[in-house]
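Read the structure below first, then the notes.
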Amino acid sequence: MPDADGWDVTSVFSNNLADTTIIGATYEIRQGVSAGNPGTLIASGMTVTPTVTPTGRAGFGFTEFMVAIEGLSVHLDSGDYHLNVTPTGNLTGRSFDSSTSGANCVATPCGNNQNAFFDSNFFGAFFADTADFDQPYDFSMGVNGTVTGGGGGEITLTAFNRANPRRVNLSWTPADGGSIDIIRDGVVIRTVEDDGRAQDHLGAGGRVVHVYQVCETDTGDCSNEVEVRVPGSGQ
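Here this note's numbering runs 42 ahead of the position in the sequence shown, where the first position is 1.
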């Protein structure tokens with residue numbers, strides 16, 4: 043959590059390759075975790091009504107699902123934390139956490155920096171470095187929330203496509219230097235200088251509606267979302 047005032051977490055999630063029916067989920071947020079040391083448990087909980095959404099990805103014969111625990115109210119002070127979200131199945135099939143290269147991460151360090159730990163009775167691991175199991179990857183998990191005392195809406199974004207219907211012009215304030223992620227439909231499409239202006243050239247295509255947002259890479263602060271209706275080529 044890079045923000046000085048901390049974050050107010052409203053949901054946690056993990057991406058999982060699964061062929062079981064997911065009927066619940068648990069989560070833990072810890073501080074001070076190291077190899078063989080579970081650290082301090084900061085927050086934990088469970089639900090029997092997780093939000094389970096196919097991601098559109100698959101691997102090793104399994105479909106990937108995002109499993110989210112929503113409706114949380116957890117304040118985390120600025121600092122480093124480890125998160126675990128575990129789906130609960132219906133005693134059929136299996137589920138495995140997806141690994142990640144760090145796509146859509148917030149702040150730094152970003153990416154697969156091998157700072158994940160493996161805790162599994164099945165595999166006989168107790169907060170072991172994933173590299174010990176020849177799996178030196180980070181797991182695909184995350185939190186959603188807002189910066190305490192504001193955040194999440196401090197940046198104001200406008201987007202329009204009047205001059206060229208297939209080119210979306212983005213502008214935002216404040217623009218305070220550093221870098222900022224341009225997000226279209228929930229996916230980071232480009233990271234640019236935080237100078238208050240950017241363009242998204244869509245090229246030829248059919249009629250579509252896109253939702254844009256920008257997020258600072260150093261603080262994690264994000265703007266409001268703006269919906270832009272784009273006509274098809276030649277329309």
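Cβ atoms here follow ideal geometry from the backbone N, Cα and C, with glycine treated the same way.
The structure displayed is predicted, hence computed values, not measured ones.
Status (buried if at least 16 other CB within 10 Å, exposed otherwise) for residue i
i, result
"Gly166", "exposed"
"Asn206", "exposed"
"Ser56", "buried"
"Met183", "buried"
"Gly194", "Here the model assigns Gly194 a pLDDT of 45, short of 50, so the residue's position is not dependable, and the following value carries that caveat. It is buried - the Cβ of Gly194 has at least 16 other Cβ atoms within 10 Å."
"Phe160", "buried"
"Gly135", "exposed"
"Ala240", "buried"
"Gly228", "exposed"
Nearest-angstrom beta carbon gap, residue j and residue i [assumed within contact, 8 angstroms]
i, j, result
"Asp223", "Val185", "Their Cβ separation, rounded to whole angstroms, is 17 angstroms, which puts Asp223 and Val185 out of contact at 8 angstroms."
"Ser140", "Leu59", "6 angstroms"
"Val270", "Ala201", "5 angstroms"
"Leu118", "Trp49", "5 angstroms"
Sheet register partners of residue i (DSSP bridge)
i, result
"Gly184", "Phe55"
"His202", "According to the sequence as given, residue 202 is Phe; it is not His. Looking at the DSSP assignment, Phe202 forms a beta bridge with Asn211."
"Tyr179", "DSSP output for Tyr179 lists no bridge partner at all."
"Gly87", "Tyr69"
"Asn79", "Ser76"
"Asp61", "Asp61 is not bridged to any residue."
**Q.** Complete runs of the beta strand (DSSP E) confined to the segment 93-160 [at least 3 residues]
**A.** 93-101, 104-118, 124-131 and 137-139
Q) Taking one C-beta from the segment 82-95 and one from the segment 105-112 each time, how about it: are there three or more such pairs within less than 8 angstroms? A) yes
Q) Could you give the uninterrupted runs of the beta strand (DSSP E) lying entirely in the segment 223-275, keeping only those of 3 residues or more? A) 229-235, 239-243, 250-258 and 268-272
Q: Could you tell me whether the segment 111-128 touches the segment 71-80, where touching means 3 or more Cβ pairs closer than 8 angstroms?
A: yes
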